[in-house]
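Numbering (my numbering), first residue to last: 36 to 339.
Yeah, the Cβ is synthetic: ideal placement off N, Cα and C, and Gly gets one too.
Set out below in structure tokens:
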């Protein structure tokens, strides 16, 4: 049985990825600062207390692992100070042990374009955060030359039934007799989303394939306009009231809240298209590729 060491198992990607790997027969371990935050299904003997930023603790935890799942992030407003230094211990351990590291990429690396972006597309970040993500992936490529094995799965904004601090949790509000949804974009814009259970199930299957030492995969994801959301709610016979997202409130909050200030800097993603081409993943997984329609996703999101 293969073993996966999850860093950030209490977060959105880490939690769902751990579940998906478990479903594929992997043994799951977690390195955590606070074992009380571990999922209830995880055996206590597979929880290692420690910090992902500590090389010695991470190396000890990964000694019997076949895979490191890198699902940790510094605070959104601390990326410039911490993102690369937080990644470094994981990269060094993967190099030393010659094991695979799974890294969740995002679309920040790219400038907006009308065409779907495949894995060979040139990276031209237009924000500081995008430049940081490019630097992180450059370090991962160097790691692959130094003995590590790297898999990057690039995705959009997460949607999922158990996600926290995500855009859907801010945009969708369930009332007794109807649902309210605020749209951060105009009616024509297509935004790129990734349904976490699908993303992680497909990623778990990708990890079973023969891969090169540096492999990049794009999630086919969901390209959704206002009309797509409205149609899905209608299909579920859920009355929907729509409104524009109050960006002005974020502008005010940004004067006092550093995280909101950083969110505003990424607003271009709600104004211009940055869509991924996931043909490589779909072709590789063939009939095993998992894709859930938005109508069904909304049923999962709605509170019982």
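Rounded to whole angstroms, the separation of the alpha carbons of residue 194 and residue 203 is 7 Å. About 19 Å separates the Cβ atoms of residue 225 and residue 275, ruling out a contact at the 8 Å cut-off. Contact annotation: residue 189 and residue 253 have beta-carbon atoms nearer than 9 Å. Residue 228 carries a strand assignment under DSSP once its states are collapsed to helix, strand and coil. For residue 171, the uninterrupted alpha helix (DSSP H) run begins and ends at 163-180, by DSSP.
Residues of the same chain with a CB within less than 7 Å of the CB of residue 268, apart from the 5 flanking positions on each side, are 214, 275 and 333 in chain order. Taking 8 Å as the upper bound for CB-CB distance, residue 209 and residue 338 are in contact here, some 6 Å apart. Around the C-beta of residue 116, fewer than 16 other C-beta atoms lie within 10 Å, and the residue is accordingly described as exposed. Excluding residues up to 5 positions away in sequence, 114 and 118 lie with their Cβ nearer than 6 Å to the Cβ of residue 167 in the same chain. Beta-bridge analysis with DSSP links residue 308 to no other residue.
When secondary structure is reduced to three states using DSSP, residue 192 falls in the strand class. In terms of CA proximity to residue 246, 316 leads the group 234, 64, 222 and 316.
Annotation for residue 217: the continuous beta strand (DSSP E) segment containing it runs 214-218. As far as DSSP is concerned, residue 292 takes part in no beta bridge. Straight-line spacing of the CA atoms in residue 54 and residue 271 works out to 27 Å. Pairing residue 185 with residue 173, the inter-Cα distance amounts to about 11 Å. A direct Cα-Cα distance of roughly 21 Å separates residue 135 from residue 155.
One Cα belongs to residue 69, the other to residue 86, and the distance between them is close to 9 Å. In this structure, the CA atom of residue 177 is about 46 Å from the CA atom of residue 278.
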